[in-house]
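Below: the structure, in structure tokens.
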Amino acid sequence: MKRRTIAIASGAALLVALPALAGMADEPYLVTLFSRILIYALAAVSLDLMLGFGGMVSLGHAAFFGIGAYVVVILSAHAVEGTALLTWPLQLDGHQSALVVWPIAVLLAAAAAVVIGALSLRTSGMHFIMITLAFAQMLYYFFVSLEAYGGDDGLSLLSRNTAPGIDLGDERQFYYLCLAALAAFLFFSWRLVHSRFGMVIRGCMENEPRMKSLGFATFRYRLVCFVIAGAGAGLAGALIANQTEYVSPGLMHWTRSGEILVMVLLGGMGTLFGPVLGAATLLLVEELLSIYTEHWMVYLGPFLILVVLFAKRGIYGVLAGGNGNHD
Amino acid sequence: MTDVLLAVRSLVKRFGAVNASNGFSIDVARGELHALIGPNGAGKTTALNQLSGELAPDSGEIDFDGRRITRLPIHRRARLGLARSYQITSVFDHLTVKENLSLAIVAHNGHSFRFWRNAGDDPVIRRAIEPAMVRVGLEERADVVAANLSHGEKRQLEVGMALVGRPKMLLLDEPYAGMGPGGAVELTKLIRRLKAEFTILLVEHDMRAVFALADRITVLVYGQVIASGPPEAIRMDPAVRQAYLGDDDMEQG
Chain W
481 MKRRTIAIAS
491 GAALLVALPA
501 LAGMADEPYL
511 VTLFSRILIY
521 ALAAVSLDLM
531 LGFGGMVSLG
541 HAAFFGIGAY
551 VVVILSAHAV
561 EGTALLTWPL
571 QLDGHQSALV
581 VWPIAVLLAA
591 AAAVVIGALS
601 LRTSGMHFIM
611 ITLAFAQMLY
621 YFFVSLEAYG
631 GDDGLSLLSR
641 NTAPGIDLGD
651 ERQFYYLCLA
661 ALAAFLFFSW
671 RLVHSRFGMV
681 IRGCMENEPR
691 MKSLGFATFR
701 YRLVCFVIAG
711 AGAGLAGALI
721 ANQTEYVSPG
731 LMHWTRSGEI
741 LVMVLLGGMG
751 TLFGPVLGAA
761 TLLLVEELLS
771 IYTEHWMVYL
781 GPFLILVVLF
791 AKRGIYGVLA
801 GGNGNHD
Chain B
10 MTDVLLAVRS
20 LVKRFGAVNA
30 SNGFSIDVAR
40 GELHALIGPN
50 GAGKTTALNQ
60 LSGELAPDSG
70 EIDFDGRRIT
80 RLPIHRRARL
90 GLARSYQITS
100 VFDHLTVKEN
110 LSLAIVAHNG
120 HSFRFWRNAG
130 DDPVIRRAIE
140 PAMVRVGLEE
150 RADVVAANLS
160 HGEKRQLEVG
170 MALVGRPKML
180 LLDEPYAGMG
190 PGGAVELTKL
200 IRRLKAEFTI
210 LLVEHDMRAV
220 FALADRITVL
230 VYGQVIASGP
240 PEAIRMDPAV
250 RQAYLGDDDM
260 EQG
């Protein structure tokens, strides 16, 4: 068996068995922590789709994450109060069902990505980084000043969304739902990367002028990739709102975008499983070190520099062996 | 005049006070290798950028194969069959031989908003990929990443990509730049081969190559055409000799 297969299979087995292991160790908190890891992994994989395969370095990915989270909390607040979110031009009531709320979260995040992407992708390189950052900060300040929904203080989710046949309030069931969402998104991404569309996207990352001279309308392909990434982050946002039962504008602050970016770099840019490892590493290290010191970043920083300098494909590259070709 | 594939009329492009193109006109006949030469700063690259679509002219018109393309974006021109080659080895280093050729194949076959099916199973690619690899002798190297190919293989791949797209015309932008003498000989052979299949506009500094290859030559000075004709006539032209005065290349060529 190949080293890469072993690495992926053992990681998957560990994640599936985790609630049972946590039960044996009498540490139920682990299930909550790993739900959080899975959700951030989903956000990181979505960023890696555009960063590692499309060559688009965004510092505003948390914007879509935040939109997904706010959709859940705002709709839920209206449902609990029994008030309408909108009465004009159409009647829009609050909602608690995941089957309704989550697709709205994903679609709204995707819609925001269409607008932000269409404007940002007219630039490239440093300008692209700055413009995505600026859009995310605009949204951040918008929610800071949105007093009706908590403003700076954020807003609590009174109860988690409902779904048929599954109790999202149960930590174990919620954990397996997150795992299923991540697995589904990974499978979708894997198909995408190896599809005709994926090939075009990877070509754009490497040499956009050459793609144009081959006859590709590169802008459209990159925009669609940007929107898919935004939609993925929106789903992760809907999950995180349910997990923490609280949202605040901090979810879309640029430092959050930076964290997700670090997860991708740490785990291995341009690999699909790398960002999952990156999210797990970053959050576990944060969890462990913050027991001893609040300045845990001081220790993580040098580690990150070493990884970027010496492990080209991040932690995943080290575990799976050198030239694991884009997957 | 014979069958004109590319007709350019009075292009003007100003950068501030500089007239980089100052009423530039050229006719390229189907099947010929037409060279565009001129001293440094003559506006060769500006002219080429307007033909490929990277720059929009201030005025003037470009007709390609009977269609007005003056305002078309780069990828639309490429789809019509006007292909620009950057430096001659511009394959996608991180993609495999197969993927490189596949990109060239799908570029001219509908859209690529296909998200699910593996690209290798796409019928458009399946049909064309084997012959494309065999034609340039790379079928054994299908899954090798282009970065790991030898220099010669990269060039074979590049030619393969050009052939797959079936362009009507190639715009070659200073292919000899930065090339050693050995490479230059190889390149001349390659361009001879391409010449048999395509109409070519060659923008080049290397006089020896230009006079060896071109059917016709157009000379550009300060954004204006000062002479156009077969190599022998250009060599004898007093205005051209004047422009290149003291340039030994002209004597050697």
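Chains as they are written, first to last, in the numbering used here: chain W, 481 to 807; chain B, 10 to 262. Glycine is no exception: its CB is placed at the ideal position from the N, C-alpha and C atoms.
**Q.** Neighbourhood of D224(B) by C-beta, 6 Å cutoff - its chain only, sequence neighbours within 5 removed
**A.** E41 and L42
**Q.** Rounded distance between the beta-carbons of Y620(W) and H733(W), thought under 8 Å
**A.** 5 Å
Q.
I need the straight-line Cα distance from T603(W) to M610(W), nearest angstrom please.
A. 10 Å
Q: Tell me, please, whether the CB atom of G797(W) is closer than 8 Å to any CB atom in chain B?
A: no
Q | N-terminal and C-terminal residue of the alpha helix (DSSP H) that H575(W) is part of | A | Premise fails: H575(W) is in no alpha helix (DSSP H) and is neither H nor E.
Q | Coil, strand or helix - I681(W) by DSSP | A | helix
Q. Identify the residues that DSSP records as bridge partners of T227(B): which are they?
A. L45(B) and S237(B)
(Q) Taking a contact to mean a Cβ-Cβ separation below 8 Å, would you say A760(W) touches F544(W) in this structure? (A) no
(Q) If we define contact as Cβ-Cβ less than 8 Å, is A791(W) a contact residue for chain B? (A) no
Q: Please decide whether H674(W) counts as near chain B, where near means a Cβ-Cβ distance under 8 Å.
A: yes
Q: Tell whether a beta-carbon distance below 8 Å holds between L763(W) and R516(W).
A: yes
**Q.** Under 7 Å from the C-beta of I83(B): neighbouring residues of chain W
**A.** K692 and S693
(Q) To the nearest angstrom, how far is the alpha carbon of A29(B) from that of S99(B)? (A) 27 Å
Q.
List, in chain order, every chain B residue whose beta-carbon is nearer than 9 Å to that of E686(W).
A. F101, D102, H103 and L104
Q. Does the Cβ-Cβ distance between L703(W) and L768(W) come in under 8 Å?
A. no
Q | Neighbour flag for R828(W) against chain B, beta carbons, 8 Å | A | Residue 828(W) is absent from the structure shown; chain W starts at 481 and stops at 807.
Q. Does the beta-carbon of Q722(W) have 16 or more other beta-carbons within 10 angstroms, so that it is buried, or is it exposed?
A. According to the sequence displayed, residue 722(W) carries Asn and not Gln. Buried: at least 16 other Cβ atoms inside 10 Å.
Q: With 7 Å as the C-beta to C-beta threshold (strictly closer), list the residues of the stretch 144-159 of chain B near chain W in chain order.
A: none
**Q.** Inter-residue spacing [alpha-carbon to alpha-carbon] between R39(B) and P239(B)
**A.** 15 Å
**Q.** Straight-line Cα distance separating H541(W) from Q261(B)
**A.** Bear in mind that the predicted position of Q261(B) carries a pLDDT of just 48, short of 50, making it unreliable; the figure below should be weighed with that in mind. Between Q261(B) and H541(W), the C-alpha separation is close to 60 Å.
Q: Alpha carbon to alpha carbon, how far is T197(B) from L222(B)? Give it in angstroms, no decimals.
A: 8 Å
Q. Can you name the start and end residues of the beta strand (DSSP E) that N58(B) belongs to?
A. No beta strand (DSSP E) contains N58(B), which is instead part of the alpha helix (DSSP H) from K53 to S61.
(Q) L565(W) and L572(W) - do their beta-carbons sit closer together than 8 Å? (A) yes
Q. In three-state terms, what does DSSP make of Y726(W)?
A. strand
**Q.** Bounding residues of the alpha helix (DSSP H) (the contiguous stretch that carries S490(W))
**A.** R483 to M504
Q. Thinking C-alpha only, which one of F696(W), G649(W), K792(W) and R682(W) is nearest E725(W)?
A. G649(W)
Q) In chain W, which residues lie less than 7 Å from V115(B) when you measure between Cβ atoms? A) R676
**Q.** the stretch 493-504 of chain W touching the stretch 14-26 of chain B, judged by at least three CB pairs closer than 8 Å
**A.** no
Q. So, does the CB of M679(W) fall closer than 8 Å to a CB anywhere in chain B?
A. yes
(Q) Using only the alpha-carbon positions, how far apart do I97(B) and L112(B) sit? (A) Confidence in I97(B) is poor, its pLDDT being 47 and thus under 50, which makes the residue's placement unreliable; the coordinate value appears in the next sentence. Each residue's Cα considered, the two are about 17 Å apart.
(Q) According to DSSP, simplified to helix, strand and coil, what is L601(W)? (A) coil
Q | From R77(B), S34(B) and R76(B), residue whose alpha carbon lies closest to that of L57(B) | A | S34(B)
Q) In chain B, which residues lie less than 7 Å from F696(W) when you measure between Cβ atoms? A) H84 and A116
Q: Starting from the N-terminal side, write out each stretch of the alpha helix (DSSP H) that is 4 residues or longer and does not extend beyond the stretch 502-530 of chain W.
A: none
Q. Is the CB of G683(W) under 8 Å away from at least one CB in chain B?
A. yes
Q: Please list, in chain order, all residues of the same chain as I78(B) whose beta carbon is under 6 Å from its beta carbon, the five residues on each side excluded.
A: I71 and R86
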